Structures are given as C-alpha cells and as structure tokens.
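**Q** Just passing along the structure, written as structure tokens.
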Amino acid sequence: MNKQRIINGQIFQEEGSFAPGTLYISGERIVSETEYAGLPGDECVLDAQNTYVIPGLTDIHFHGCMGADCCDGTADAFRTIASYELSQGVTSITPATMTMSEEVLSAICEAAKDFTCENGADFCGLYMEGPFISTAKKGAQNEKYIHPADTGMLNRLQDISGNKIRTVVVAPETEGAMEFIKENAGKINISLAHTTADYETAKEALSCGASELTHLYNAMPPFTHRAPGPIGAAADDENCMVELICDGVHIHPAVVRTTFKIFGDDRIIMISDSMRAAGMEDGEYDLGGQKVIVKGSFALLEDGTLAGSVTNLMDCVRTAVQKMGIPLASAIKCAAVNPARAIGMSNDYGTLTPGKYANIVLLDQELKITQILHRGKAQA
C-alpha cells in the first residue's frame, strides 16, 4: 500500500486558513495520523518547506481549453480538457455545455456517460448552461436553440448521461421556469442565469429551490439602489451561492472585493468560464458554433460580446490574490471547497481532510505550482 507524508508545509484548513502541519496519504486518499500509523510498508516523505499545501481546485463552470470544447462531444475533447486542467492544478471538473439543440446535447451526454481520464482531472459531470435561458440576456449563447424550461428534456439528457449532469441553469422569468425549478429542486443544482429577472422573481425562484447565480453580474440586470435584481435577491438568501469570474476582464477588482464583503467566502464559487482558446495563442476560435476572436485576455464575439474567458481557474486564483487583494485562503476556499459543495461532491473533493481524494497542489510563495498529486500520484 502506498504511504506518503507531506511535511513542513502550510496546510490549508477547511474553514479557510493555513496552519503548519503534516498531511497523511494512503493510496488515493487522505487519512488521519492514527490510521496512517497503523499502516504497513515503507513510506514516501515529501518536504513542503516554504510552500502552501492546498486541495486541488474544482472548476464547475468552464467550456474548454487547448483547442477542445465540451460541445465537441467526444472522448478526445474531454481527454484534452481533463489533461490540461490537471496540469494547472485543477483536479476535478464539470465542463459546461452551451445552448444547443437537444440532438447535440444528447451526443455530449452520451460521450460523458462513461468517460474517465487516468491522466487528467477527475471528470465529475456536466454543467448545463442553456438552453433554458432568456433571449434578451443570451450573451454568447446561440438564440436559435433557446428553449422553454423543460423537465422532460432534462430527464432525457440526464438518462443519456447516466446522471452526470450536476448543474442546470434557468432564467426564472421565462415560460415554465418556476415550475421547472420546483420539479427539479433537490435532484440537481439549479442556477439562475442569462436572465432579466427582477428582485421579486429571483427571490421566488430561490425560495422554490434554485441555489446559485451563474457568473454573477454577467448576463443579468445590475444591482441598483431601487432595483436590486437577482444580485440583491441572492445577497438576501443565505443559502444562495454565486459564481465569480476573477480573470481581470469580466469583473472590476473593486467589484470583486465588494462581492467578498457582501457574500463572504462561504458563498462565492470561483469559476474560469474558459473557452477552447485557454492555453492557446491569439486567433479565431468558436464557442457554441459562433466565431470568437481572442486577443490577449479577451475573447469576443464579432459584435463585441464577451465570450467566456481564456484563463484557467488557478490563474483566476492568482489574479484574485495578487491583483485584487483577496486573501489566499479565501480564494482557495472559493475555488476548491465551495465548488465541490455546490455540486454535491464534497465527500470526495474540496478539502484536505481524511477520507477525501489526495488531490493536492503545492504552491510556492509566488503561487507557482511546485507539485501536483492526483489521487496520491505525483504528476510529472
């Protein structure tokens, strides 16, 4: 049996802090010191002096990277995505679909059903962004395939995927949306997205069982003093979590800091929302069948609409900490602990507590990766 100890590092604590300590690993899992002491065999000791020892990150909402996209709907695309994400310290993922036809979504779900990647991030399922959204706030989604919220469609896709869909988004003001939320609350993570909903409508949706806001501030009404909209409704609901893209493009640093003051690091989920150009050079790409022009940190449709990011989640953490003034422990909590909790995977992911997979990343003082362990196995 494989025994490992990580010593001398600053270990991330579940509540959102760092403390000196030792981490004990047996095979694929983290174990307690007592359990470790009773295990037979030789051990491997990893000295983490001058490093932060953090749980691998979980990106629950991104579309692709390295030229591959979730909507390609192939094992090869998923494998490219999973391999790149693991190399960046993102050790568990739920890639996102786009607003597409049911036929295309079915093919994606079929490819996801039994997909695994031994040398990539753990594939924990899919994030279904569309087609149950508002035309007025479609953003980079394809209007042609926007569809009223439909439990029958969701069930068909869920059956094809082998129950791999972890999150579904919905605009609560659209036809049938409130009934859809009531029907599916408790079965799947429901997030409000691409919406024109006012405060009262969003508040009702949250009371019906929605529990999240997708890419906060983007593709929704703004928070104003007389019309607080869905952002105000989310702030008022202590059980609602909100996604935040900290790529330095989607949200101003001052707004990121204010969001942490309003919601706290218990309720923010950092996401990358990256598209296939992440990790690639500038140029022309596509997202959901629409042309995207990538230059530097910007990914834009031809009409100038933001089309996701080109930044992976670990880089979002670095940006939040180094350029936006967010404490490292808070950023890690929002990029590891909270995402796993949102999709119901916190038994296996998100923290460095006994019983969890040994998905572990070591960062130096400049937040550069010095080592990645995936299920206890060191990555080259």
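Each residue of the sequence shown is one higher than the one before, counting from 61 in our numbering. In this text, a Cβ means the ideal position worked out from N, Cα and C, and glycines have one as well. Remember, it's a predicted structure, so these values are computed and weren't measured experimentally.
Considering just the uninterrupted stretch of the alpha helix (DSSP H) at Ala79, what are its terminal residues?
**A** That residue, Ala79, is in no alpha helix (DSSP H); its beta strand (DSSP E) goes Ser77 to Ser86.
**Q** Counting beta carbon pairs with one atom in the region 232 to 239 and one in the region 260 to 269, are three or more of them shorter than 8 Å?
**A** yes
**Q** According to DSSP, is Cys177 part of a helix, a strand, or is it coil?
**A** coil
**Q** Who pairs with Ala359 in a beta bridge, going by DSSP?
**A** Val354
**Q** Hey, quick one: how far does the beta strand (DSSP E) through Arg139 stretch, first residue to last?
**A** Taken as a continuous stretch (DSSP letters only), Arg139 belongs to no beta strand (DSSP E), being part of the alpha helix (DSSP H) at Ala135 to Ser147.
**Q** Unbroken beta strand (DSSP E) runs of length 3 or more, entirely within the region 365 to 429: which are they?
**A** Correct list: 420 to 423.
**Q** Under the DSSP definition of a beta bridge, which residues are partnered with His434?
**A** Lys437
**Q** Pull the bridge partners of Tyr112 from the DSSP assignment, please.
**A** Gln70 and Leu423
**Q** Does the region 128 to 135 come within contact of the region 178 to 185, defined as at least 3 CB pairs closer than 8 Å?
**A** no
**Q** Use the C-beta contact count for Lys198: other C-beta atoms within 10 angstroms, 16 or more gives buried, fewer gives exposed.
**A** buried
**Q** If you follow the beta strand (DSSP E) that Val105 is part of, which residue opens it and which one closes it?
**A** Glu103 to Asp107
**Q** So Ile120 is in the alpha helix (DSSP H); what residue range does that whole segment cover?
**A** Here Ile120 belongs to no alpha helix (DSSP H), and DSSP marks it neither H nor E.
**Q** Quick one: is His285 buried, meaning 16 or more other Cβ sit within 10 Å of its Cβ, or exposed?
**A** exposed
**Q** In chain order, which continuous runs of the alpha helix (DSSP H) of length 4 or greater are located wholly inside the region 281 to 349?
**A** Whole alpha helix (DSSP H) segments, 4+ residues: 289 to 296 and 313 to 323.
**Q** Inspect the beta-carbon positions of Thr371 and Ala338 and report whether they are closer than 8 Å.
**A** yes
**Q** Excluding the 5 residues flanking Ser221 on each side, which residues of the same chain have their C-beta closer than 6 Å to its C-beta?
**A** Spatial neighbours of Ser221 in its own chain (CB-CB distance under 6 Å, excluding positions within 5 residues in sequence) are listed in chain order as Cys169, Ala172 and Lys173.
**Q** According to the Cβ coordinates, are Ala457 and Leu347 closer than 8 Å?
**A** Given a span of 61 to 440 for the chain in the structure shown, any question on residue 457 remains unanswerable.
**Q** Would you give the residue range spanned by the alpha helix (DSSP H) that Ser251 belongs to?
**A** No alpha helix (DSSP H) holds Ser251; the beta strand (DSSP E) holding it covers Asn249 to Leu252.
**Q** Ignore the nearest five residues each way along the sequence and tell me which others in Ala359's own chain have a CB closer than 8 Å to its CB.
**A** Met335, Ala337, Tyr345, Leu347, Val352, Ile353, Leu366, Ala367, Gly368, Ser369 and Val370
**Q** According to DSSP, is Phe240 helix, strand or coil?
**A** helix
**Q** Along the alpha helix (DSSP H) that carries Met126, what are the first and last residues, could you check?
**A** Segment: none, Met126 is in no alpha helix (DSSP H) and carries neither H nor E.
**Q** Which word fits Arg226, buried or exposed, when buried means at least 16 other C-beta atoms lie within 10 angstroms of its C-beta?
**A** buried
**Q** Thr140 to Asp307, Cα distance in whole Å?
**A** 22 Å
**Q** Using only the alpha-carbon positions, how far apart do Tyr205 and Met213 sit?
**A** Rounded to the nearest angstrom, the two C-alpha atoms are 13 Å apart.
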